[in-house]
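Encoded as structure tokens, the structure appears first; notes follow it.
In full-length UniProt numbering, the protein residues as written are 1 to 143.
Below is the structure:
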């Protein structure tokens with residue numbers, strides 16, 4: 001079983017639960033508000049940050065991917081325990097909050113897609129005349 005990445009997962013979970021409890025206190029709600037979701041976001045960004053800097057070994061990245069995949073059913077199970085009927089009976093604010101969250105999530109897909117793509121400007125620069133790639137190609141043709 002892959003156990004690599006558990007320390008990062010644990011740190012993100014504890015930080016997410018702490019922030020979720022803090023949000024609950026600030027909002028006057030006697031419960032954790034979004035702690036698991038915050039932990040997932042921290043895990044995604046933390047893993048990406050460490051990976052870009054070369055601080056994660058291959059097995060550690062695989063472990064983080066494994067635990068990230070396990071996290072999704074946990075979130076679904078936790079959401080199933082929520083009192084949906086109570087939230088809906090509290091008025092249109094709960095419905096509006098849910099719709100806004102879903103709408104914002106859909107709106108972020110193109111933004112995240114654009115951030116995840118390689119920079120087109122870097123690709124264009126390597127093919128411009130006068131660059132090292134162009135000089136190498138010219139030297140090869142002349143031989």
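No residue lacks a Cβ here, since even glycine has one placed at the ideal position from N, Cα and C.
Inter-residue spacing [alpha-carbon to alpha-carbon] between residue i and residue j
{"i": "residue 73", "j": "residue 18", "result": "21 angstroms"}
{"i": "residue 50", "j": "residue 56", "result": "6 angstroms"}
{"i": "residue 104", "j": "residue 59", "result": "33 angstroms"}
{"i": "residue 101", "j": "residue 36", "result": "15 angstroms"}
{"i": "residue 119", "j": "residue 28", "result": "44 angstroms"}
{"i": "residue 34", "j": "residue 53", "result": "29 angstroms"}
{"i": "residue 64", "j": "residue 89", "result": "39 angstroms"}
{"i": "residue 61", "j": "residue 4", "result": "8 angstroms"}
{"i": "residue 15", "j": "residue 32", "result": "12 angstroms"}
{"i": "residue 68", "j": "residue 6", "result": "10 angstroms"}
{"i": "residue 139", "j": "residue 112", "result": "Interpretation of residue 139 is limited by its pLDDT of 49, a score under 50 that renders its predicted location unreliable; no figure is taken from the coordinates."}
{"i": "residue 21", "j": "residue 99", "result": "23 angstroms"}
{"i": "residue 23", "j": "residue 97", "result": "16 angstroms"}
{"i": "residue 117", "j": "residue 86", "result": "42 angstroms"}
{"i": "residue 77", "j": "residue 114", "result": "31 angstroms"}
{"i": "residue 110", "j": "residue 92", "result": "29 angstroms"}
{"i": "residue 107", "j": "residue 66", "result": "27 angstroms"}
Boundaries of the alpha helix (DSSP H) in which residue i is found, first to last residue
{"i": "residue 35", "result": "35-52"}
{"i": "residue 111", "result": "92-116"}
{"i": "residue 19", "result": "6-27"}
Status (buried if at least 16 other CB within 10 Å, exposed otherwise) for residue i
{"i": "residue 71", "result": "buried"}
{"i": "residue 95", "result": "exposed"}
{"i": "residue 38", "result": "buried"}
{"i": "residue 1", "result": "The predicted position of residue 1 is uncertain, since its pLDDT is 46 and thus under 50; a value taken from the coordinates is nonetheless stated next. Counting Cβ neighbours within 10 Å, residue 1 comes out exposed, since fewer than 16 surround it."}
{"i": "residue 42", "result": "buried"}
{"i": "residue 40", "result": "buried"}
Proximity test, residue i beta-carbon vs the ligand NAP heavy atom, cut-off 7 angstroms
{"i": "residue 51", "result": "No copy of the ligand NAP appears in this structure; indeed no ligand is present at all."}
Worksheet item: If you pair each beta-carbon of the segment 6-13 with each one of the segment 28-48, do three or more pairs fall below 8 angstroms?
Response: With the cut-off at 8 angstroms, the segment 6-13 and the segment 28-48 touch.
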